[in-house]
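Remarks on the structure that follows.
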Amino acid sequence: MTKKASIRTARLLVILGLILGAIFSGFPILWMTASSFKSNMEIFAFPPRLITESFSFNAYKVVLGDPEKRRFFLNSYLVSGLVTVLTLFVGTLAGYSFSRYKFRFKKALNVIIIGVQAVPPITLLIPYFSLIVMLKLYNTYAALVLTYMVFTLSYAIIMMTGYFNTLPRELDEAVLIDGGSRFMALWRVLVPIALPGMVATGIYTFMLAWNEFLFALTLTKTIDMRTVPVGIQMLMGQHSYEWNEMMAMSVLGCLPVLILYLFFQRYFMAGMTAGSVKG
Amino acid sequence: MIAEKQMTHRSKKRSLRNIFIGLVPFAYLSPSILLLSVLAILPIAMVFRYSLMNNVIMEKNPVFVGFANYAKLLSDEVFHKAFANTMYFTAMSVIFHLILGLGFALLLNTKLLPQMTRAIFRVIYVLPWVFTATIIAILWRLLLNPNGVINYLILVSGLSSEKIEWLSSKELALHTVTFINIWSGYPFYMVSLLAGLQGIPGEYYEAATIDGANGRQLFRYITLPQLKPIILSLAMLDFIWTMHQFTLIWMTTGGGPLRVTEMLSTLTYKLAFSSYKFSQASASAFIILALSLIVALFYVRQQRATDD
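Chains A and B supply the protein sequences, listed in that same order. Okay, so the first sequence: first residue is -11 according to our numbering, each after it adds one. Okay, so the second sequence: first residue is 3 according to our numbering, each after it adds one.
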């Protein structure tokens, strides 16, 4: 009897803890979403209410109807997409090399690639600024795609090396015996098998690029080149705080990552933890 | 004779072939090497060179001044303040990320609730991590607004009789931004620690329970030691990344009021892009790099120790 009772109290405590935790992490997000459906007048209504009479999609209509704001999204999708494709391509080649070959300077290269992950973005910003201006890339997509790749690429190489290491070498050898080239082995056999790894790496890469703020803030200038994070910041300075629009834009701004997360949860976790647990 | 000639010819051919084969891995690596040289090694060399000049970018002919920029920074009170703030912000974030992350991971790992319930809670708990720093910043500016919902709850519950200026008060701002960063960062720990918990063999617990260990002892002598390598890795990575945090500060307080939330990153940014003191900013940027690499060195050493 007492054992049963103690299990019941334990379960109650766990449920209580879980609910408190859910309020802690979920309430701010719930409030943000609810605010995006309010009119700006009612954002700070007293007493505050989660759902008000003015409930509408107006803020979303305004954000999506404004070509300037639509452009922020277009820019973000374009830059993040390009960064993801390029990172995966270059990173897969490098990961293959690290996994399948022995060569000089392998260790030194490895240390550099891991070390890059610890380099502060702010340290790179000043030289990037002068390099990008020198290369006449200031205020272009290329400036963002190129500079974002320093962090995404080093991450992708670490990840892809790890994935290729888990695939048996017999696979490549089978292709070589059949008269195929090394590159064929990589392209036709390893890449399809390593697809889950590439998806995990790709999602994380997309997310890093989608969320980047510092480089986008400094290396672009005109409003038509701004990405979503910088766009949200500009919204904050520009108007006298259209809170509902800012919240609507935030909801739209985190949708891609949220959808990626919900659909590829397993891959996402793998990508996130692999980097940290096994660096 | 002829045979000998053939031999040398063949070995020459073979050594050429060997060189060619030796280059193959570099062919696969060449785009990466090129990109990382231009994007990481060259810029770090540049920022170090800048930090030794009187003022680059603004001056047409900058002059070498040695470590004068470093000396100036290290004796500057604002820099001291930014350093202290960064350390407080980082250390508190790492500690509370770990406490919350481990707490939530233990709750989610419970055997007392069905799989589905746990999965739903896990999604809710991960949410803060899905949001970018810009969005987290304005989200909390909404919640913590003097007229916002948190102040309303505090007024109604009688915890305070007046509205609290969370982000613009000199006393509170640093704690507030630290809290926001804690809120946004714990899922990273939670997810990794949950994976770690699920990797601990159940037999360990069974054996200890048979020997009469209670819940606290199980945690102290099995769970914690098993998680230790993950915890150390997480804490060191988090320390490095939190030290670099720029966006959250920039979007909530901008380093104010009166520099009480000024971090090394925001100070460096302002030195460069508001005051146009690019050389001093470079010196500051290089100091942040050095600090990060010191922590990274510990990280690598710890990783090696785990691998052995």
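Note that CB positions come from ideal geometry on N, CA and C, so glycine has one too. If you're wondering where the values come from, they're calculated on a predicted model, not measured in any experiment.
| Check | Outcome |
| --- | --- |
| Where B/Thr92 falls, given that 16 or more other Cβ within 10 Å makes a residue buried | buried |
| Candidates B/Ala298, B/Pro203, B/Pro259 and B/Ile184, of which the one nearest B/Leu102 by Cα | B/Ile184 |
| Residue of A/Tyr129, A/Thr135, A/Phe91 and A/Met195 minimising C-alpha distance to B/Trp131 | A/Met195 |
| Three-state class that DSSP yields for B/Met238 in the structure shown | helix |
| C-beta neighbour in chain B for A/Lys(-9), strict 9 Å | no |
| A/Leu76 and A/Thr(-3) closer than 9 Å at C-beta | no |
| Closer than 9 Å at the beta carbon, the chain A residues around B/Phe69 | Going along chain A, no residue has its Cβ under 9 Å from B/Phe69, so there is no contact; the nearest lies around 17 Å. |
| Unbroken stretches of the alpha helix (DSSP H), 4 residues or longer, contained in the segment 261 to 289 of chain B | 266 to 275 |
| Every unbroken alpha helix (DSSP H) within the segment 16 to 102 of chain A, with a cutoff of 4 residues, ordered by chain | 46 to 53 and 55 to 88 |
| B/Ser95 versus B/Phe275, B/Gln305, B/Met245 and B/Gly256, residue with shortest Cα-Cα distance | B/Met245 |
| Cα-Cα separation, A/Leu141 to B/Ile43 | 14 Å |
| Touching by the beta-carbon criterion (3+ pairs, under 8 Å), the segment 45 to 56 of chain A and the segment 155 to 171 of chain B | no |
| Residue of B/Gln247, B/Arg218, B/Leu195 and B/Tyr207 minimising C-alpha distance to B/Pro231 | B/Leu195 |
| Three CB pairs or more closer than 8 Å across the segment 151 to 161 of chain B and the segment 24 to 36 of chain A | yes |
| Alpha carbon of B/Ile233 to alpha carbon of B/Leu199, nearest angstrom | 11 Å |
| Per DSSP, cross-strand counterpart(s) of B/Met55 | B/Phe66 |
| The segment 1 to 22 of chain A: positions lying closer than 8 Å to chain B by Cβ | Val2, Ile3, Gly5, Leu6, Gly9, Ala10, Phe12, Ser13, Gly14, Pro16, Ile17, Trp19 and Met20 |
| Contacting residues, own chain, Cβ-Cβ under 6 Å from A/Ile120 (five flanking each side not counted) | Tyr126, Ala131 and Leu207 |
| Per-residue burial, A/Arg254 [other beta carbons within 10 Å of its own, 16 or more giving buried] | exposed |
| Below-9 Å beta-carbon distance, B/Ile101 vs any chain A residue | no |
| beta-carbon B/Leu273 near the ligand ADP non-hydrogen atom, thresh 8 Å | Because no ligand of any kind appears in the structure shown, any question about the ligand ADP cannot be addressed here. |
| Beta carbon of B/Leu269 nearer than 9 Å to that of B/Ala84 | yes |
| Under 8 Å by beta carbon: chain B residues contacting A/Phe91 | Gly24, Pro27 and Phe28 |
| Chain A contact for B/Leu291 (CB, 9 Å cutoff) | yes |
| Among A/Ile39, A/Ile146 and A/Ile110, the one whose alpha carbon lies nearest that of A/Gly83 | A/Ile146 |
| Through-space distance from B/Ser34 to B/Asn20, alpha-carbon basis | 23 Å |
| Interface residues of the segment 200 to 213 of chain A facing chain C [CB-CB below 7 Å] | Note that chain C does not occur in the displayed structure, where the protein chains are A and B. |
| Straight-line gap, B/Gly105 to B/His99 (C-alpha atoms, nearest Å) | 10 Å |
| Within the segment 95 to 144 of chain A, ranges of the alpha helix (DSSP H) (whole runs, at least 4 residues) | 109 to 122 |
| Members of the segment 246 to 257 of chain B that neighbour chain A once the beta carbon cut-off is set at 9 Å | His246, Phe248, Thr249, Trp252 and Met253 |
| Where A/Trp231 meets chain B, residues with beta-carbon distance less than 8 Å | Leu144 |
| Integer-rounded CB distance, given that A/Phe43 should sit under 8 Å from A/Phe15 | Incorrect: roughly 19 Å between the Cβ atoms, too far for contact. |
| Secondary structure, alpha helix (DSSP H): runs of 4+ residues fully inside the segment 178 to 265 of chain B | 204 to 212, 217 to 220, 226 to 245 and 249 to 254 |
| Own chain partners of A/Asn153 with C-beta closer than 8 Å, once the 5 adjacent residues on each side are dropped | Ser87 |
| Against chain A: residues of the segment 147 to 159 of chain B by CB proximity under 7 Å | Asn147, Asn149, Gly150, Val151 and Tyr154 |
| Cβ of A/Phe251 within 9 Å of any chain B Cβ | no |
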